[in-house]
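When you line the sequence shown up against this note's numbering, it's residues 84 to 1050, in that order.
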Amino acid sequence: MGLYSSPPPARPFGEDKATLLTSWWITAMCAIIIVLRLIGRYIRVEELFREDIVAAFTLIPLFLRMAFIHPTLLYGTNNVLIDSNLQLSDIEIQHRSIASRLVLVGRILHPAILWLLKAVTVMFFDKLVGQSGKNRYTLLLRFMRASLAFTFFAVVVADLAECQPFTHYWQVLPDPGGRCRQGYAHLVTLTVCNVFTDLLLVVFPVPIVVKSRLSAGRKTLLVMLFCLHLFTVLVALYRVPGILREGGYQATRTMWASAEILMATFAANALTLGSFVRDTGAKKKKFRYQPSESELRSGRRDSRVVKKVSWNDPDSEGEGKPAGRGTPKTHGAGDSQGSADISESKAPTAEHREGDLPRTESLDSLIPRSRFNTSTPDSARVFKTTTIEVTVSSALNADKQTAEEMNGLRSTPSANRRTQPSGSAGMRDHQEERYYDIRSANTKTASTLLARELKGRHLQMIAISGSIGTGLFVASGKALSEGGPASVLLAYLIVGVMLWCTVQALGEMAVVFPVAGSFSVYSTRFLDPSWGFAMGWNYALQWIVVLPLEIIAGALTIEYWDSSLDKAIFVTVFLIVIVVINLCGIRGYGEAEFLFAIVKVVAVVGFILLGIVINIGGTPTSGYIGGKYWRDPGAFNNGFKGLCSVFVTAAFAFAGTELVGLAAAETANPRKSLPTAIKQVFWRITLFYIVSLTLVGLLVPYNEPRLIGATSIADASASPFVIAIESAGTTILPSIMNGVILVSVISVGNSSVFGSSRTLAALAEQGQAPKLFAYIDRRGRPLVAILAVSSVGLLAYLANYQAHGRVFDWLLAISGLSTIFTWASTCLAHIRLRQAWAYRHRSVSDMAFRAQAGVLGSWVGFVCNVVILIAQLWVAISPLTVAGGEGEAMTASERAQGFFVQCLALPVVLVFWLGHKMWFRTSFVKVEDMDIDTGRRDFGRLGIIKAQEEEERHSWPKWKRFYRHIC
């Protein structure tokens, strides 16, 4: 009896309610992971594999366990000290007896879940063994199966045979003894068997992976994924002493078992889900072009129809070296790494290669080529080693002077670096008068030397969660306190619709014109060069100021755990991390954002599930919450003016969504990657903002003191997400949420360097910023712009200065409305592009991607942006709160200061616009003068590709058509 102990003291259900809520949340998370696996598999191959079916069966014991655990924690078990202080009635004794029976079943369901998840992994090992072709691996695999069966049987026996007689398992009075109450034999047996089998799951596949012909990077990734089972081992070993210290208390045991199941579920499904995210693994056979009977009889096939994938497709996730120049990458029918099939062996002519210029008389501008275009074969007219050759269409040959200017774009880099063409792109002196050369500016941004290394998965994650940080997790608390939950929901929904229309318009322009600078370039080309100058500089200034602000927010977040630490320490750490990521090039930025986005997506999904659980289950001191806070204190606060103030906060929270358009110039295959990424914005708006903030409004009243007492927009302690989780009485989850906020802060800081440096480089290429910022090194990085922006991050050391909030309020005021101006300009530029497109008698079907919202959506987006701007002006002139927040009237100077803090960006934009216009005397770009060809990355066989895709789409079931439409 040395292992067993006296029963632990009884606790009220309120103390165990947090454990119950957390267990339900973990169960929901595990179910989501398994369902995502099933849905992802069926979408990709339209069938489920054996291991997927086993994973689906895991859902049965998963929910059965919680069905038994819920009454167990509600009633309590017989493992509790019953003395004079605990007087139990007959019904209470009966409830505890029933709960003790359920515990006995739950101790079998727990290992059943774990062992089914292990079986999923073992079934995957069948494929590894089959590919290796070695008999010894087959024998080891049989040993693993036998070990799983034997160990599970041992755990069940330990559970049922520990207590004798058997009926004492659920005996409450008198005390049945430690063997029947605490079940330590089951605990120890389960731990030993679990550790043994998990170690087998790690040791077995590693030699096969190491000896395979995979690349070093893929080997490392697979080994890391298999080693996730080691975390399950750590949880299993760590939980035993904790349970022993608590005397086998059931709530403690349930909590650790739930954590073990969550880790095991993640480890068993990580490899499959990772292949979905990276777009690798098994896929359904792609559509192939089939010649007609007449073509077969004549022995002739359309020479334009070559294959369904671009040559040396940079978006392919296949391993190994790229295919040889001028040779398409081919894959076997069963090769999961291939991105498409080859339907004809004949090599395409230069006229019809994807990425080559279609030789038509309608093109009246040059289409520059970057030496970073890895999909260009040898025969293409682009030199990859010494010069950038420019092709001028026949329509330009009549203008000899213009052609000479275009040929002046050729530049030979030095041995140590690549430089941009000499001279300013936009500034010209013509007969001693200054004028802005918009054609030259368009050419420079189209022929950027930025590296094109972003892949589809990078863009999708940037679109769905990139730059989400304090604007959502912290500033939403300010919106809730000012407008109430109904105002938050309504304002974020309206701004979300506006932003969806805006991003659709941006996506259409970015796919057709994937040029450096994106927003400012489109304003320069389709609206007014001076307005493009103002938009570019204000957008760059906005992100430049955000960098030190986010770093300070990260340092303030650390205070949640230890307020005594010096903020300068963490300012240094965060700044170094952000700078190093951006110095790794666009690929480093993409991979970092990919990881950050996964953390944020998992966190928001987890919060949504936890929010539902808390709302239904209630807090430790209350029951079902429902819509209680919508009735008391109410759904609205401060009336219509409160709603207008939330509009402004919502626009700030959505800022950064447009970064996916800025990344188009550095995307390997924008036609393939950007449309899918643009569609992810719908899920960003719905999942991150509408659903999560609806739950926040249900769980946190708008008069919560911590919301009102926020010191700044970077004060993570005022996050409504953290407050909602803390209300459930949990101890570890608020720290996890603060950790997510910290990751989000670093992500936004990372995005701020990316957005501002690329915008500065594009401005310099257009002659709208110092030429020094246009320098791009051999790795395709705007190095000077990155270093210049990073140096502004040193302002974050003001974190130890008490008035740093006021300093950054004024810095943000300079470009505070930049996002609204950028979105409105994007919508207007799209409208003007469609007008010019129709003026040239071109069909919208000639575009590689069309905005789903069309021109009407751009008008909706433009009008909504103007309304938000008007709302900002009104709130600034007639503010919501008064000085000190205690009812006294604001003085005239306080009103004036508040107005300029919120609206200083308006005169700044006007100064930028008028100053540039007066200097260069630019005019509004007329429809007939718009350049809609320079920088177009169209494809000579775009019509053929679209016809094939349409034919393939007709073969899809309806559910897949709907899925592809929204995703």
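Glycine is no exception: its CB is placed at the ideal position from the N, C-alpha and C atoms. It should be emphasised that the depicted structure is a prediction, and the values quoted were computed from it without experimental measurement.
- If you compare alpha carbons, which of Trp107, Gly159, Val656 is closest to Arg94? Gly159
- Would you mind stating whether Gly700 and Leu104 have Cβ atoms separated by less than 7 Å? yes
- Beta-carbon proximity of Cys310 to Val285, cut-off 7 Å: yes
- Query: Straight-line CA distance for Ala241 to Val271?
  - Reply: 9 Å
- Counting only the same chain and skipping the five closest in sequence on each side, list residues whose C-beta sits under 6 Å from that of Val684. Ser548
- Query: Count the other CB atoms within 10 Å of the CB of Ala150; is the residue buried (16 or more) or exposed (fewer)?
  - Reply: exposed
- Query: Is it right to say Glu536 is buried, meaning 16 or more other beta carbons lie within 10 angstroms of its own, or is it exposed?
  - Reply: buried
- Using the Cα positions of Val590 and Leu757, report the straight-line distance between them to the nearest angstrom. In the sequence under discussion, the amino acid at residue 590 is Gly, which differs from the Val named in the question. So the two alpha carbons sit approximately 7 Å from each other.
- Message: Quick check on the burial criterion: 16 or more other C-beta atoms within 10 angstroms. Buried or exposed for Gly722?
- Response: Under this definition Gly722 is an exposed residue.
- Mind reading off the beta-carbon distance from Val831 to Glu633? Whole number of angstroms is fine, and I expect it under 8 Å. 5 Å
- Query: Using 8 Å as the Cβ pair cut-off and three pairs as the minimum, do the segment 759 to 771 and the segment 991 to 1009 touch?
  - Reply: no
- Would you decide whether Ile960 is buried or exposed? Buried here means 16 or more other CB atoms lie within 10 Å of its CB. exposed
- Roughly how many angstroms lie between the CA atoms of Leu648 and Glu642, to the nearest whole one? 8 Å
- Task: Pick out the complete beta strand (DSSP E) segments inside the segment 515 to 547, 3 residues or longer, and give them in chain order.
- Result: 516 to 519
- Query: Would DSSP call Thr740 helix, strand or coil?
  - Reply: coil
- Task: Check Thr750 in the structure and name its three-state DSSP category.
- Result: strand
- Where does Leu881 sit, in a helix, a strand or coil, going by DSSP? helix
- Item | Length of the line joining the Cα atoms of Arg540 and Arg328 | 46 Å
- Would you identify the three-state DSSP class for Pro92, choosing helix, strand or coil? strand
- Item | Straight-line gap, Gly694 to Ser775 (C-alpha atoms, nearest Å) | Going by the C-alpha atoms only, they are around 8 Å apart.
- Using a Cβ-Cβ cut-off of 6 Å (strictly less than) and excluding sequence neighbours within five positions of Gly1018, which residues of its own chain qualify? Ala529, Phe596, Val598
- Message: Taking CB distances under 7 Å as the criterion, tell me whether Gly710 reaches chain B.
- Response: You won't find chain B in this structure, because it holds only one protein chain.
- Work out the CA separation of Ala936 and Lys1043 for me, nearest whole Å. 21 Å
- For Leu1126, which of helix, strand or coil comes out of DSSP? The structure shown has nothing for residue 1126, since the chain only spans 84 to 1050.
- Task: For Phe677, I'd like the list of residues in its chain whose CB is within less than 6 Å of its CB, leaving aside the five on either flank, ordered along the chain.
- Result: His541, Met544
- Under a three-way DSSP split, which group does Leu283 fall into? Here Leu283 carries a helix assignment [DSSP, helix/strand/coil].
- Item | For Ala738, the nearest candidate out of Ser834, Glu809, Val654, Gly780 (CA to CA) | Ala738 has its Cα closest to that of Ser834, out of Ser834, Glu809, Val654, Gly780.
- Task: On the DSSP bridge assignment, give the partners of Leu164 in chain order.
- Result: Pro92
- Beta-carbon proximity check, Thr909 vs Ala588, cutoff 7 Å: Their beta carbons are under 7 Å apart, which means Thr909 touches Ala588 by this criterion.
- Item | Run of the alpha helix (DSSP H) containing Pro631, from where it starts to where it stops | Bounds of the alpha helix (DSSP H) holding Pro631 are 612 to 641.
- Query: Buried or exposed: where does Arg1047 fall if 16 or more other Cβ atoms within 10 Å of its Cβ makes it buried?
  - Reply: exposed
- Message: I believe Ala636 touches Val828 by the beta-carbon criterion, under 8 Å. Please report the beta-carbon distance rounded to the nearest angstrom.
- Response: 5 Å
- Task: Pick out whichever of Phe891, Asp860, Ala195 has its Cα sitting closest to the Cα of Phe140.
- Result: Ala195
- Query: To the nearest angstrom, how far is it from the Cα of Leu745 to the Cα of Ser295?
  - Reply: Near 39 Å, if we compare the C-alpha coordinates of Ser295 and Leu745.
- Message: Please return the same chain residues whose Cβ sits closer than 7 Å to the Cβ of Val137, not counting the five positions on each side in sequence.
- Response: Leu199, Ala202, Val203, Met206
- Query: Would you report the Cα separation of Leu273 and Glu741, rounded to the nearest angstrom?
  - Reply: 51 Å
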